[in-house]
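All remarks here apply to the structure that follows.
There are 2 protein chains.
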Amino acid sequence: MKPQGGSTRPQGVAAPDPQRLSLNTATTKERWGLAQAIEGCARHGIRGISPWRDQLQAMGVAQAAAAIRAHGLTVTGLCRGGLFPAATAALRAAAIADNLRAVEEAHAIGAQCLVLVVGGLPEGSRDLAGAREQVREGIAAVLPAARAAGVPLAIEPLHPMYAADRACVNTLAQALDLCEALDPQGVQGPVALGVAVDVYHVWWDPQLEAQIARAGRRVLAHHICDWRVQTRDLLTDRGMMGDGVIDLPRIRGWVRATGYAGFDEVEIFSALDWWTRDPDEVLAVCKERHQRCC
Amino acid sequence: MKPQGGSTRPQGVAAPDPQRLSLNTATTKERWGLAQAIEGCARHGIRGISPWRDQLQAMGVAQAAAAIRAHGLTVTGLCRGGLFPAATAALRAAAIADNLRAVEEAHAIGAQCLVLVVGGLPEGSRDLAGAREQVREGIAAVLPAARAAGVPLAIEPLHPMYAADRACVNTLAQALDLCEALDPQGVQGPVALGVAVDVYHVWWDPQLEAQIARAGRRVLAHHICDWRVQTRDLLTDRGMMGDGVIDLPRIRGWVRATGYAGFDEVEIFSALDWWTRDPDEVLAVCKERHQRCC
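These protein sequence lines map, in sequence, to chains E and L. Start counting the first sequence at 11; every next residue gets the next number (this note's numbering). Start counting the second sequence at 11; every next residue gets the next number (this note's numbering).
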């Protein structure tokens, strides 16, 4: 694979709008706190941001909301709710309570959605079907508050390599089954439960095109990065757009065809490369690759 | 996860038959050639073996066939054909020619199937749909010879984390779509194109139970190992049965419910652990875990 290469943009897929690029702060988390990330986005003309809760709490929710507002940034999501399965009822209730707090935080910063990384197997368990049932129960318990707050929940199907320890929802089809069961109203009215389409997690799926089309209005977020060959670590070796094998323009075309007019959100876990660099350099590269490789 | 733990065997699932355990020689490849693996299986009372082509060629096909016959071992598969996608027509033709040789080798050693690891993206390509089409064309080209030789081809869906560089068939559903399209005769008559169900690759699949049931008579092999938490390497950190989170008895029950009466084949890539041990120890542990954890 030629480094920094780009796929040809399919006919009918418009070039990415630089005003619709968002920074997921996981991308810069090793060097920047949230205040720096907000200022960095403003400085680079990146108009969207998606913070993580630990950084949000470290900065203070009210202060973060004020800084985001002052710079006119769009909050494309809050990362993350979820992590529902647990070995005891008390732990599951605590997870739901934490998700309710996350809904409040998402509302306070005007986030377009609360991203759910749903959780994997409880400690010591091999019961994948049971974990998936606990996810369903957890989302069902949080959904009324999310609906009331006007903060839709975005289930992020995670790559199957994370099924055990991070998220046991592993395909768009599985996520959409949950959406349709728990939020049937979302077919016509406002979507309370939708999906985050992160190319890293779903690019391999033989059903990808069909399931994105099925998602339709339930696409609440579109995350971008790339799949490196070789991938050196299961968690922290994501590539910058153009450095891997994902056909980003094609997938973006499928996402746009649903009517999704939101942001392309860059989220890169990269202990071996991008986390080691000056975040100002990282943001400049993100902007350039977004234009050239998506 | 408690090490060496086992899941409870679901009601109605019989205990594994120790006479139906097979050794995939990848498990011992760092220390044993094929001749040693054949003798090791005989010594430990393991009645099945599944060699890799490099080891088979190193020993000599005729010599290997004679040694396997002398010990009365069942050859549960030959690993591996496939690797069809390539950047040029000449390379694709060479891959097909190599698969035809693999069919001959499988026939010569009386293998119950030729396992296909179908191949990933050609060098420099991001065209996943195109690679999948090349896989279809490659299998279609090899299938008549396989049928004539009485060596069924077993498509092994590989975990999605290998979609780029090893196999772009990543779910049982996708493999079975290919089987039904290319080998419609297999519904009634002898199966020429089926699947290898390797728990490592498919355990996470929300459709797993349904797709195993759909496979029916097309289940040609059942490979076992375990998924470690944490997994330290994408390729060579598989676990011994019982050391991970896969519900092995449940999946074995689904496989048996199709009517599959073949072997459970242990295949463990483990540079960090099992490859470093004395293969006689590894085989003893395989036997014990097969009985206790499957």
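Using N, Cα and C, we set each Cβ at its ideal position, and we do this for glycine too.
Inset, instruction - Alpha carbon to alpha carbon, how far is R111/E from L203/E? Give it in angstroms, no decimals. - result: Stepping through the first sequence from its first residue, residue 203/E is reached at position 193. Stepping through the first sequence from its first residue, residue 111/E is reached at position 101. So the two alpha carbons sit approximately 17 Å from each other.
Legend entry - Test: W264/E CB closer than 8 Å to a CB of chain L: The count along the first sequence starts at 1 and reaches residue 264/E at position 254. Output row for W264/E: interface = no.
Inset, instruction - State yes or no: is the C-beta of R248/L within less than 8 Å of the C-beta of I222/L? - result: In the second sequence, residue 248/L corresponds to position 238, counting from 1. In the second sequence, residue 222/L corresponds to position 212, counting from 1. Going by C-beta atoms, R248/L is not nearer than 8 Å to I222/L.
Inset, instruction - Assign A156/L to one of two classes, buried (16 or more other C-beta atoms within 10 Å of its C-beta) or exposed (fewer than that). - result: Locating residue 156/L in the second sequence gives position 146, counting from the first residue. It is buried - the Cβ of A156/L has at least 16 other Cβ atoms within 10 Å.
Inset, instruction - Identify the contact partners of M250/E in chain L, using a Cβ-Cβ distance below 8 Å as the criterion. - result: Numbered from 1 along the first sequence, position 240 holds the residue referred to as residue 250/E. Within 8 Å Cβ-Cβ: nothing; M250/E doesn't reach chain L, min ~15 Å.
Legend entry - Sufficient close CB pairs (3 or more, under 8 Å) joining the stretch 254-264 of chain E to the stretch 125-137 of chain L: Contact holds: three or more Cβ-Cβ distances are below 8 Å.
Inset, instruction - Would you mind telling me which residues of chain L sit closer than 8 Å to Q184/E, beta carbon to beta carbon, in chain order? - result: Working through the first sequence from its first residue, we reach residue 184/E at position 174. For Q184/E, the residues of chain L that pass the 8 Å Cβ criterion are P216, in the order they occur in the chain.
Inset, instruction - For P95/E, go through chain L and note every residue whose CB falls closer than 8 Å to its CB, in chain order. - result: Position 85 of the first sequence, counted from the start, is the residue given in the question as residue 95/E. The premise fails here: P95/E is roughly 12 Å from chain L at the closest Cβ pair, so nothing lies under 8 Å.
Legend entry - Cross-strand partners of I234/E (DSSP beta bridge): By 1-based counting over the first sequence, the position of residue 234/E is 224. Per DSSP, V276/E.
Inset, instruction - Indicate whether at least one CB of chain E lies closer than 8 Å to the CB of R136/L. - result: The residue labelled residue 136/L in the question sits at position 126 within the second sequence. At least one beta carbon of chain E lies nearer than 8 Å to the beta carbon of R136/L.
Inset, instruction - Using a threshold of 8 Å, state whether the C-beta atoms of L275/E and G70/E are closer than that. - result: Counting from 1 along the first sequence, the entry for residue 275/E is found at position 265. Counting from 1 along the first sequence, the entry for residue 70/E is found at position 60. Residue identity check: residue 275/E is Glu in the sequence provided, not Leu. In this structure, G70/E does not lie closer than 8 Å to E275/E by Cβ.
Inset, instruction - Anything in the stretch 50-61 of chain E with a Cβ closer than 7 Å to a Cβ of chain L? List those residues in chain order, please. - result: Residues of the stretch 50-61 of chain E with a C-beta less than 7 Å from any C-beta of chain L: none at all.
Legend entry - Secondary structure of K12/E, DSSP reduced to three states: As a position in the first sequence, residue 12/E is number 2, starting the count at 1. Note that K12/E scores a pLDDT of 47, beneath 50, so its modelled location is shaky; the value from the coordinates is reported in the next line. Three-state DSSP puts K12/E in coil, outside helix and strand.
Inset, instruction - Would you verify that the beta carbon of M69/E is, or is not, closer than 8 Å to some beta carbon of chain L? - result: Stepping through the first sequence from its first residue, residue 69/E is reached at position 59. Cβ-Cβ to chain L under 8 Å: no for M69/E.
Legend entry - Cβ distance (whole Å) where E215/E is taken to contact L182/E below 8 Å: Stepping through the first sequence from its first residue, residue 215/E is reached at position 205. Stepping through the first sequence from its first residue, residue 182/E is reached at position 172. Sequence check: residue 215/E is Asp here, not Glu. Right, the Cβ-Cβ distance comes to about 7 Å (below 8 Å), so this counts as a contact.
Inset, instruction - Sort out for me which residues DSSP pairs A164/L with in a bridge. - result: In the second sequence, the residue the question calls residue 164/L occupies position 154. For A164/L, the beta-bridge partners assigned by DSSP are V125/L and G204/L.
Legend entry - C-beta neighbour in chain L for N180/E, strict 8 Å: Start at 1 with the first residue of the first sequence, and residue 180/E comes out as number 170. Yes, because at least one Cβ of chain L sits closer than 8 Å to the Cβ of N180/E.
Legend entry - Rounded Cβ spacing between C178/E and G129/E (contact assumed at less than 8 Å): Walking along the first sequence from the start, residue 178/E turns up at place 168. Walking along the first sequence from the start, residue 129/E turns up at place 119. Contact annotation, C178/E with G129/E: C-beta distance approximately 7 Å; criterion of less than 8 Å satisfied.
Inset, instruction - State the DSSP-derived secondary structure class of C303/L, mapped to helix, strand or coil. - result: Working through the second sequence from its first residue, we reach residue 303/L at position 293. It is helical.
Legend entry - Below-8 Å beta-carbon distance, D175/L vs any chain E residue: As a first step, residue 175/L is located in the second sequence; it is residue number 165 there, counting from the start. Yes, contact with chain E.
Inset, instruction - Closer than 8 Å by beta-carbon distance: list the chain E residues that pair up with P10/L, in chain order. - result: Because residue 10/L is not part of the residues shown, which for chain L are 11 to 304, the question remains open.
Legend entry - Backbone CA spacing between A52/E and D288/E [nearest angstrom]: Taking the first sequence and counting its residues from 1, the one referred to as residue 52/E is at position 42. Taking the first sequence and counting its residues from 1, the one referred to as residue 288/E is at position 278. Between A52/E and D288/E, the C-alpha separation is close to 16 Å.
Inset, instruction - Could you tell me if L163/E is buried or exposed, where buried requires 16 or more neighbouring beta carbons within 10 angstroms of its beta carbon? - result: As a working mapping, residue 163/E is identified with position 153 in the first sequence. L163/E is buried by the Cβ-count criterion.
Legend entry - Among E40/E, Q73/E, A159/E and T35/E, the one whose alpha carbon lies nearest that of C89/E: Within the first sequence, the letter at position 79 stands for residue 89/E. Taking the Cα of C89/E as reference, the smallest distance to any Cα among E40/E, Q73/E, A159/E and T35/E is reached at T35/E.
Inset, instruction - Would you check if the stretch 186-206 of chain L and the stretch 192-203 of chain E touch, i.e. whether three or more CB-CB distances between them fall below 8 Å? - result: No: fewer than three Cβ pairs fall under 8 Å.
Legend entry - Short CB-CB distance (under 8 Å) between S280/L and chain A: Protein chains E and L are contained in the structure displayed, whereas chain A is not.
Legend entry - Min CB distance L188/E to chain L below 8 Å: Working through the first sequence from its first residue, we reach residue 188/E at position 178. The beta carbon of L188/E does not come within 8 Å of any beta carbon belonging to chain L, so the residue lies off that interface.
Legend entry - V113/L versus Q184/L, P95/L and G91/L, residue with shortest Cα-Cα distance: Taking the second sequence and counting its residues from 1, one reaches residue 113/L at position 103. Nearest option by C-alpha distance: G91/L.
Inset, instruction - Taking the CB atoms as reference points, tell me whether V229/E and Y172/E lie closer together than 8 Å. - result: Taking the first residue of the first sequence as position 1, residue 229/E is located at position 219. Taking the first residue of the first sequence as position 1, residue 172/E is located at position 162. Cβ atoms of V229/E and Y172/E: not closer than 8 Å.
Inset, instruction - Please classify D252/E: does DSSP put it in a helix, a strand, or coil? - result: Position 242 of the first sequence, counted from the start, is the residue given in the question as residue 252/E. Note on residue identity: the sequence assigns Gly, not Asp, to residue 252/E. Three-state result, G252/E: coil.
Legend entry - Where L244/L meets chain E, residues with beta-carbon distance less than 9 Å: Counting from 1 along the second sequence, the entry for residue 244/L is found at position 234. M171, Q240, T241, R242, D243 and L244, listed in chain order.
Inset, instruction - Could you tell me if L188/E is buried or exposed, where buried requires 16 or more neighbouring beta carbons within 10 angstroms of its beta carbon? - result: Position 178 of the first sequence, counted from the first residue, corresponds to residue 188/E. Burial call: buried.
Inset, instruction - Output yes or no for whether 8 Å exceeds the beta carbon distance between P170/E and Q184/E. - result: For the purposes of this step, residue 170/E is taken as residue 160 along the first sequence, with counting starting at 1. For the purposes of this step, residue 184/E is taken as residue 174 along the first sequence, with counting starting at 1. Cβ distance not < 8 Å, so P170/E and Q184/E don't count as in contact.
Inset, instruction - Kindly identify the DSSP beta-bridge partner or partners of I59/L. - result: If you number the second sequence from 1, residue 59/L lands on position 49. In DSSP, I59/L forms a bridge with L33/L and V85/L.
Inset, instruction - Report the residue from Q65/E, R266/E, G272/E and R227/E whose alpha carbon sits nearest the alpha carbon of G22/E. - result: Locating residue 22/E in the first sequence gives position 12, counting from the first residue. The candidate whose alpha carbon is nearest that of G22/E is R266/E.
Inset, instruction - Classify R306/E as helix, strand or coil using the three-state DSSP reduction. - result: Given a span of 11 to 304 for chain E in the structure shown, any question on residue 306/E remains unanswerable.
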